[in-house]
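Have a look at the structure below before the remarks.
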Amino acid sequence: MSASTYAADTTSADAPAAVLSVSPVVLSAPGRPVDLQLRVSAPVTGSELPIILLSHGQGPSNNLSSLNGYAPLANFWAAHGFVVLQPTHLSSRTLDLNADHPEAPLYYRSRAEDMTIILDRLGEIENAVPQLRGRLDRGKVAVAGHSMGGHTASLLLGARFTDPHDGTEVNLAEPRIAAGVLLASPGRGGDALTEFVLENYAFLSTIDFSTMTTPALVVAGEKDTSAHLTVRGADWHTDPYFLSPAPKALVTLFDAEHGLGGISGYDVAETTDENPERVAAIQRLTWAYLRTALSPGDPAWQAARDELTTGPPSARTRRIQVTRPGLHSTPRCCEWPTRSSQERCWGMFQGLASRRGVGSRWSGQDW
């Protein structure tokens with residue numbers, strides 16, 4: 001991802017470009033209860049722009065769980081050189097669909113299928129947004145999702161589950177996606193889940209992360225206990241990291257609850273841990289991770305980590321624990337023989353540090 005392919009100066013997280021945002025872009029979708037609507041956000045200038053598919057969560061607000069949510073992330077990523085495509089999934093409150101559908105109310109399979117439709121129809125999207133025509137790099141695609149959107153992203157990255165209706169294994173991996181970001185994503189099933197989830201959302205009980213081979217960054221809040229979903233506490237949200245093959249990375253946000261400081265929208269009531277500094281850190285870290293993941297050799301991810309661990313206090317946040325490789329003894333890392341990379345060890349110590357209390361308040365029913 002050379003600097004020349006971006007809008008002016010988007011190689012730096014401190015140099016945003018003007019953003020173009022168009023919605024709704026409507027794609028006909030035969031067999032889907034309603035047509036697929038999405039928001040397109042992109043820098044006004046630049047070419048060969050990589051793509052982020054952004055999957056919304058499932059909360060009590062009407063518009064956050066739709067193409068209208070997650071402006072803090074979508075705007076930042078677009079201002080720094082990505083094209084962000086945000087669909088409204090069938091689970092959105094804005095659609096108010098029939099609850100009798102077999103996958104209602106979360107429409108767990110169709111969420112991932114929405115992203116495949118989008119990738120199949122990029123030409124139509126370019127035609128609907130003429131300012132975007134010829135500017136997409138279709139070989140550099142990532143997926144990001146928050147909460148239930150993180151579950152959607154994990155399926156596209158290769159995680160599988162057993163269909164609760166017919167017992168078949170469901171594989172929705174999308175080979176065109178090269179990297180992902182899971183934000184406060186659900187963890188493993190089985191005895192980690194509450195009785196309510198086991199009875200109402202059986203698809204979560206059989207998730208298998210061992211097949212999630214695509215590179216990903218897992219972001220978890222240290223106080224995201226999600227007591228309505230899991231009996232495990234906040235560590236549950238780190239399962240996609242610990243239970244999947246390398247290469248993966250983990251960032252633990254201390255004092256962070258399920259809203260991760262407010263990534264789903266500006267000044268929204270369901271953010272119980274509103275913190276602009278935390279949101280800014282997530283913006284920069286996710287941008288840097290995806291930039292490097294889609295263009296190996298790009299220094300953005302290493303630079304972002306270095307800024308947090310070695311930069312001046314004004315450039316750091318005390319609400320993130322980043323442990324550089326080599327600062328902890330390696331024997332503990334060797335307990336995880338399949339996680340041999342330094343990134344793995346670094347991320348693993350994130351989880352260990354979290355459990356030891358090195359060192360964000362969430363209550364509600366968001367996904």
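The sequence shown: position 85 = 85 (UniProt numbering), numbered continuously.
Using N, Cα and C, we set each Cβ at its ideal position, and we do this for glycine too.
(request) Would you check if there are 3 or more beta carbon pairs closer than 8 Å linking the segment 45 to 53 to the segment 137 to 148? (result) yes
(request) Thinking MET212 and GLY134 are a contact (beta carbons under 8 Å), I'd like their distance in whole angstroms, please. (result) 33 Å between Cβ atoms; not a contact.
(request) Could you work out which residue in TRP236, ALA128, ALA280 and ILE118 is closest to PHE76 when comparing CA atoms only? (result) ALA280
(request) Give the C-beta separation of LEU67 and SER28 to the nearest angstrom, bearing in mind that I take them to be a contact with Cβ-Cβ under 8 Å. (result) Not quite, the Cβ-Cβ distance comes to about 16 Å (not below 8 Å), so this is no contact.
(message) For a test of the three-state rule: what should DSSP assign to VAL19, helix, strand or coil?
(response) Secondary structure at VAL19: strand, using DSSP grouped into helix, strand and coil.
(message) Which of the three DSSP states is assigned to GLY359 in this structure?
(response) Confidence is the limiting factor: at GLY359 the pLDDT is only 28, short of 50, which leaves the residue's position unreliable, though a coordinate-based value still follows. Of the three classes helix, strand and coil, the one that applies to GLY359 here is coil, per DSSP.
(request) Return the bridge partner residues of VAL251 from the DSSP annotation. (result) Beta-bridge pairing links VAL251 to VAL219.
(request) Tell me where the alpha helix (DSSP H) around residue 373 begins and ends. (result) Because the chain spans 1 through 367 in this model, residue 373 falls outside it and cannot be assessed.
(message) Along the chain, where does the alpha helix (DSSP H) containing LEU119 start, and where does it finish?
(response) 108 to 120
(message) What residue range does the beta strand (DSSP E) around HIS146 cover?
(response) 136 to 146
(message) Here's a check: name, in chain order, each residue in its chain whose Cβ is nearer than 6 Å to the Cβ of PHE161, leaving out the five neighbours to either side.
(response) VAL170, PHE203, THR206 and ILE207
(message) Applying the 10 Å Cβ sphere with the 16-neighbour rule, what's the burial state of ILE263?
(response) Under this definition ILE263 is a buried residue.
(request) Using only alpha-carbon positions, find the residue among LEU193, PHE209 and ALA192 that is nearest to LEU172. (result) PHE209
(message) Here's the rule: buried if 16 or more other CB atoms are within 10 angstroms of the residue's CB, otherwise exposed. What is PRO186?
(response) Label assigned to PRO186: buried.
(request) Classify ALA179 as helix, strand or coil using the three-state DSSP reduction. (result) strand
(request) Flag this pair as yes or no: are the beta carbons of ALA288 and ALA303 separated by less than 8 Å? (result) yes
(message) Spatial neighbours of THR116 within its chain, please: C-beta separation below 7 Å, excluding the five flanking residues on both sides.
(response) GLU174
(message) On a Cα-Cα basis, can you pick out the residue from ALA178, ARG111 and GLU195 that is closest to PRO33?
(response) ARG111
(message) Bridge partners for ARG39 per DSSP, in chain order?
(response) GLN86
(message) Pull the bridge partners of LEU54 from the DSSP assignment, please.
(response) ALA144
(request) Examine chain C for any beta-carbon lying closer than 8 Å to the beta-carbon of GLU307, and answer yes or no. (result) The structure shown contains no chain C; it is built from a single protein chain.
(message) Using CA atoms only, rank isn't needed, just tell me which of GLY69, VAL83 and HIS228 is closest to SER42.
(response) A quick correction: the sequence has Ala, not Ser, at residue 42. The option with the nearest alpha carbon to ALA42 is VAL83.
(request) Given a cut-off of 8 Å, decide if LEU229 and THR194 are closer than it, judged by their beta-carbon atoms. (result) yes
(message) Whole angstroms are fine: how far does the CA of HIS89 sit from the CA of ASN200?
(response) 19 Å
(message) What does the alpha-carbon distance come out to for the pair GLN58 and GLN86?
(response) 14 Å
(request) Going by DSSP, name the residue or residues bridged to ASP208. (result) Under DSSP, ASP208 shares a beta bridge with ARG160.
(message) Short of 6 Å in beta carbon distance, which residues of its chain neighbour PRO72, apart from the five on each side in sequence? Order them along the chain.
(response) ILE263 and VAL279
(message) Here's a check: name, in chain order, each residue in its chain whose Cβ is nearer than 7 Å to the Cβ of LEU122, leaving out the five neighbours to either side.
(response) The answer, listed in chain order, is LEU136 and ARG138.
(request) Could you say which of HIS146, ALA192 and GLU277 lies nearest to ASP235 if we only look at CA atoms? (result) Nearest C-alpha to ASP235: ALA192.
(message) If you reduce the DSSP assignment to three classes, tell me which class VAL25 lands in.
(response) strand
(request) Can you grab the Cα-Cα spacing for the pair HIS146 / ARG305, in whole Å? (result) 22 Å
(request) Measure the CB-CB distance between residue 379 and GLU270 and report whether it falls below 8 Å. (result) Outside the modelled stretch of the chain, which goes from 1 to 367, sits residue 379, for which no answer is possible.
(request) Pull up the DSSP beta-bridge partners for LEU49, would you. (result) LEU136
(request) Helix, strand or coil for ASN68, going by three-state DSSP, please let me know. (result) Of the three classes helix, strand and coil, the one that applies to ASN68 here is coil, per DSSP.
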